[in-house]
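This report refers to the structure that appears directly beneath it.
Protein chains: 2
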Amino acid sequence: MKNIFAELISIGDEILYGQTLDTNSHWISAELDKIGVKVKRKVTIADTEEAILEAFEEAEKNADIILITGGLGPTKDDLTKPCLAKYFDSEMYLNEEILQTLKERFAKRGRTLNKLNKGQAELPKKCEVVFNQYGTAPGMWFNKGRKVFVSMPGVPKEMKYMMQDTVLPKLKEQFQMPVIIHQMVKTSGVPESELAEKLEDWENNLPKEIKLAYLPGLKQVKLRLTAIGADENRLKKLISAEVEKLDELIGKYVFATEDINHAEAVGELLKSKGLTIACAESCTGGYLSKLITENAGSSAYYQGTVIPYHNELKIKVLGVQQETIEKFGAVSEQTVIEMAENVRQLMHADIGVATSGIAGPSGGTEEKPVGTVWVALADGENTQTKLFNFPFDREGNIDITANSVLNLVRQTLSAK
Amino acid sequence: MKNIFAELISIGDEILYGQTLDTNSHWISAELDKIGVKVKRKVTIADTEEAILEAFEEAEKNADIILITGGLGPTKDDLTKPCLAKYFDSEMYLNEEILQTLKERFAKRGRTLNKLNKGQAELPKKCEVVFNQYGTAPGMWFNKGRKVFVSMPGVPKEMKYMMQDTVLPKLKEQFQMPVIIHQMVKTSGVPESELAEKLEDWENNLPKEIKLAYLPGLKQVKLRLTAIGADENRLKKLISAEVEKLDELIGKYVFATEDINHAEAVGELLKSKGLTIACAESCTGGYLSKLITENAGSSAYYQGTVIPYHNELKIKVLGVQQETIEKFGAVSEQTVIEMAENVRQLMHADIGVATSGIAGPSGGTEEKPVGTVWVALADGENTQTKLFNFPFDREGNIDITANSVLNLVRQTLSAK
Chain A
1 MKNIFAELIS IGDEILYGQT LDTNSHWISA ELDKIGVKVK RKVTIADTEE
51 AILEAFEEAE KNADIILITG GLGPTKDDLT KPCLAKYFDS EMYLNEEILQ
101 TLKERFAKRG RTLNKLNKGQ AELPKKCEVV FNQYGTAPGM WFNKGRKVFV
151 SMPGVPKEMK YMMQDTVLPK LKEQFQMPVI IHQMVKTSGV PESELAEKLE
201 DWENNLPKEI KLAYLPGLKQ VKLRLTAIGA DENRLKKLIS AEVEKLDELI
251 GKYVFATEDI NHAEAVGELL KSKGLTIACA ESCTGGYLSK LITENAGSSA
301 YYQGTVIPYH NELKIKVLGV QQETIEKFGA VSEQTVIEMA ENVRQLMHAD
351 IGVATSGIAG PSGGTEEKPV GTVWVALADG ENTQTKLFNF PFDREGNIDI
401 TANSVLNLVR QTLSAK
Chain B
1 MKNIFAELIS IGDEILYGQT LDTNSHWISA ELDKIGVKVK RKVTIADTEE
51 AILEAFEEAE KNADIILITG GLGPTKDDLT KPCLAKYFDS EMYLNEEILQ
101 TLKERFAKRG RTLNKLNKGQ AELPKKCEVV FNQYGTAPGM WFNKGRKVFV
151 SMPGVPKEMK YMMQDTVLPK LKEQFQMPVI IHQMVKTSGV PESELAEKLE
201 DWENNLPKEI KLAYLPGLKQ VKLRLTAIGA DENRLKKLIS AEVEKLDELI
251 GKYVFATEDI NHAEAVGELL KSKGLTIACA ESCTGGYLSK LITENAGSSA
301 YYQGTVIPYH NELKIKVLGV QQETIEKFGA VSEQTVIEMA ENVRQLMHAD
351 IGVATSGIAG PSGGTEEKPV GTVWVALADG ENTQTKLFNF PFDREGNIDI
401 TANSVLNLVR QTLSAK
């Protein structure tokens, strides 16, 4: 089967000048990789007609699929659309359907369209419209011979919607792709090097159709198994046999084999057991609750949170005893125990969890340096605690603390 | 003064396949921007000789300075060095000094050099060595006519050291740079198109030395003013005159003219007025608190939060009256008023804020569709409320709600 090549073009001075980090092309690359399209080159260029037209021309020589992001805003420094019209030698027209959608969206928010917004409904005649669920700039799909050009907005959310809703399915229709099956195995609570050691033998004996990639991160390591071939059923069987072997080898660290996040996996586990959870957050400052509640349906198992950032409030709002804090300090096993047990009762939950630590950059002492974190889990019968010494910056320490609580909940519930 | 242009080349399959996010070129862009070098284009290419040589050739046509990262590892899929030797038609030699440094570093860790490691001390004769403090691959500086090529490793820490220690100072010596001043003006609470309309006249009358760019996002729009010229004092005066005009035109939306985030700007404002804040979050589920507490030093103005996700807890923990919820519902002006006033008292804060809404995707009704959000701010004298109808998905609705509360706090405090 012939390789299918893509070139990605990001348009925007803000990327060239280092003000915006281009995460779009990274995300697009990974998505194309999943369907078997090889990205051959990525180019980032300025908002000038010369640079844009030259990039189109070069990309057309290099690749079968050209995906373009950015430069579709309503202001006059956004040049992608006029350049596309010029490149494809296509007149512009007013798309009444898009205009109508824009009008309705604006009306809902009690606003009327101005001249600039109306301009967004004007499109080159030769393009097919790619629907934009989240913004006012429509995407554009052009066929040129056997090649495809797609232009999408630079706002990541809008681009991602278009890719998933329209572009990826349409590309799969139009090009003949190999069968590729990806299986993600997500782990938490174990470092990459330890995982690699545990999996060395298994990895050396993988069938030749399966490739393994480690996708390491601060709080979780993902394993991606990729099977490439022609016979879908055979590949699926191969993959699921390997996932079973992984379960035996590292099952206690695996929180998901589907596309769900850590908090969602914990939520599903709570729901399946008919249990609810409440949080008392100090050093995580709402981040743990945010991870739980960003998942739709979390109200089925999440009761609520108290974040008492100061000692007086730990005492007053959460009922931690004054003596406990005076004797052991706010960052102590004794304090997180009371926080977890009390928030469980206050919020009528089955499980109460608590965090207290020094996220940094300041606030550390010799005895309790930055990164010292206590967490606790109370279930009405037992209260467990864990002490961590994390080496990260404020953001990293907060992130890994919240995930450590999720780990604790998951491992406790899985053992029951 | 003549513009000085740079082109950045990132080499590596792992970037093209979406496994590694390229943060190097983002960082380099920002550093070059600061010294007045314009990045004209960034290119990411595969580890193949053909792609690398072609990229060198194109870059030499486009730019005065070509900065290359990646492909300098010891293994055979790292091709940058042989390609440079070929491109500059230069023989290789063994650099004894580098070999010695490598031997010493390895000895310190109790290891000896293998053949692959020794190869790292071999360099094209035509290059000047760029010292690598943190790794085994030296950087290489080539002059070709008036143009400069620099090759650096892809490991961010090694690349950054080389840039700061050698490359940036040497570039400043070798090229005559213009003076460039950037000024960011960050706004929140106003869409890009509305902003553009308000600023149309102003934009058309900008002095020719100043360029304006819109950097839009879901919750905030940033304006970037860039002044380029020869006389630093004159440019600074020009910029600050325009910032003053912006303050008159759109001052109520501007939350920062420095490099700080929205919650940080609100925090600074609270601190300067000696005030503290507490939050009662329902639909935002901890996200607002997370935005506040992710900033170091937030404990100076942040008291705490209650997240009562269910009606019974709004009543029990936060003291909202049962009748209020029964009569008006949890998503209502009356409920957010009580939430804001009560959390202010409970947490001993000067200002209490509250959110209650339907983030989605489910939970909407005809009367209160998904996106309906009430927020409130109580300062002990007055309690203000706002009703929103946001059109986004769960994540977007949560994000913009939290930012709307920050807006409300900022505008209230600024008016005082």
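Line order of the protein sequences matches chains A and B.
Residue 416, in our numbering, is where the first sequence stops; the numbers in between run on with no holes.
Residue 416, in our numbering, is where the second sequence stops; the numbers in between run on with no holes.
The beta carbon of each residue, even a glycine, is placed where N, CA and C say it ideally should be.
Strand pairing of residue i, partner residues [DSSP]
i                        : result
alanine 107 (chain B)    : Its beta-bridge partners do not exist; DSSP assigns none.
arginine 41 (chain B)    : A:Ile45 and B:Glu7
histidine 182 (chain A)  : A:Thr226
threonine 383 (chain A)  : A:Ala378
methionine 152 (chain B) : B:Thr69
valine 130 (chain A)     : A:Gly139
glutamine 220 (chain B)  : B:Ser188
lysine 147 (chain A)     : A:Lys144
The beta strand (DSSP E) enclosing residue i, as first and last residue numbers
i                        : result
cysteine 279 (chain B)   : 277-281
asparagine 143 (chain A) : 139-144
glutamate 92 (chain B)   : The amino acid occupying residue 92 (chain B) in the given sequence is methionine; glutamate does not appear at that position. Taken as a continuous stretch (DSSP letters only), the beta strand (DSSP E) holding methionine 92 (chain B) covers 92-94.
proline 308 (chain A)    : 302-308
valine 409 (chain B)     : Not the beta strand (DSSP E): valine 409 (chain B) falls in the alpha helix (DSSP H), residues 394-415.
glycine 352 (chain B)    : 351-357
isoleucine 210 (chain B) : 210-216
alanine 256 (chain B)    : 254-256
Proximal chain A residues relative to residue i, where beta-carbon distance stays under 8 Å
i                       : result
tryptophan 27 (chain B) : Gly18
Collapsed DSSP secondary structure at residue i in the structure displayed
i                        : result
methionine 159 (chain B) : helix
tyrosine 17 (chain A)    : coil
serine 272 (chain B)     : helix
alanine 56 (chain A)     : Inspection of the sequence shows that residue 56 (chain A) is occupied by phenylalanine rather than by alanine. Three-state DSSP puts phenylalanine 56 (chain A) in a helix.
alanine 63 (chain A)     : coil
valine 373 (chain B)     : strand
asparagine 261 (chain B) : coil
asparagine 342 (chain A) : helix
asparagine 114 (chain B) : coil
asparagine 389 (chain A) : strand
Distance, residue j Cα to residue i Cα
i                        : j                        : result
isoleucine 337 (chain B) : threonine 385 (chain B)  : 7 Å
asparagine 24 (chain A)  : glutamine 303 (chain B)  : 37 Å
arginine 166 (chain A)   : lysine 86 (chain A)      : Checking the sequence shown, residue 166 (chain A) turns out to be threonine, not arginine. If I take the Cα positions, the gap works out to 24 Å.
threonine 372 (chain A)  : asparagine 261 (chain A) : 26 Å
valine 155 (chain A)     : lysine 81 (chain A)      : 16 Å
alanine 196 (chain A)    : threonine 276 (chain B)  : 48 Å
isoleucine 65 (chain A)  : tyrosine 17 (chain A)    : 27 Å
asparagine 403 (chain A) : leucine 67 (chain A)     : 35 Å
glutamate 50 (chain B)   : glutamine 120 (chain B)  : 22 Å
asparagine 62 (chain B)  : glutamine 176 (chain B)  : 18 Å
Proximal residues of chain B, C-beta to C-beta of residue i below 7 Å
i                      : result
serine 289 (chain A)   : Gly285, Gly286 and Ile307
lysine 108 (chain A)   : Asn389 and Pro391
proline 361 (chain A)  : Ala296
arginine 105 (chain A) : Pro391
Proximal residues of chain A, C-beta to C-beta of residue i below 9 Å
i                           : result
lysine 40 (chain B)         : Leu16, Ile45, Ala46 and Ala51
glutamate 264 (chain B)     : Near glutamate 264 (chain B) there are no residues of chain A at all, since even the closest Cβ is about 13 Å away, more than 9 Å.
phenylalanine 392 (chain B) : Tyr134 and Lys157
Chain C within 7 Å of residue i, Cβ atoms only
i                        : result
methionine 347 (chain B) : The structure shown contains no chain C; its protein chains are A and B.
Delimiting residues of the alpha helix (DSSP H) encompassing residue i
i                        : result
valine 243 (chain B)     : 232-250
isoleucine 28 (chain A)  : 24-34
alanine 121 (chain A)    : Segment: none, alanine 121 (chain A) is in no alpha helix (DSSP H) and carries neither H nor E.
lysine 316 (chain B)     : 311-316
isoleucine 325 (chain B) : 322-328
alanine 85 (chain B)     : 80-87
tyrosine 287 (chain A)   : 287-293
lysine 172 (chain B)     : 168-174
glutamate 200 (chain B)  : 200-204
Neighbouring residues, chain B, relative to residue i (Cβ below 8 Å)
i                     : result
lysine 172 (chain A)  : Ordered by position in chain B, no residue passes the 8 Å Cβ test against lysine 172 (chain A), which lies about 17 Å from the chain.
leucine 313 (chain A) : Gln303, Gly304, Met347 and His348
Listed by chain order, chain B residues near residue i by CB distance under 9 Å
i                       : result
glutamate 7 (chain A)   : Going along chain B, no residue has its Cβ under 9 Å from glutamate 7 (chain A), so there is no contact; the nearest lies around 10 Å.
alanine 415 (chain A)   : Within chain B, no residue comes near alanine 415 (chain A); the closest Cβ sits about 27 Å away, beyond 9 Å.
glutamate 209 (chain A) : Those within 9 Å of glutamate 209 (chain A) in chain B number zero; the least Cβ separation is about 18 Å.
Chain A residues whose Cβ lies nearer than 7 Å to that of residue i
i                      : result
tyrosine 302 (chain B) : Tyr309
alanine 354 (chain B)  : None at all; the shortest Cβ gap to chain A is about 14 Å.
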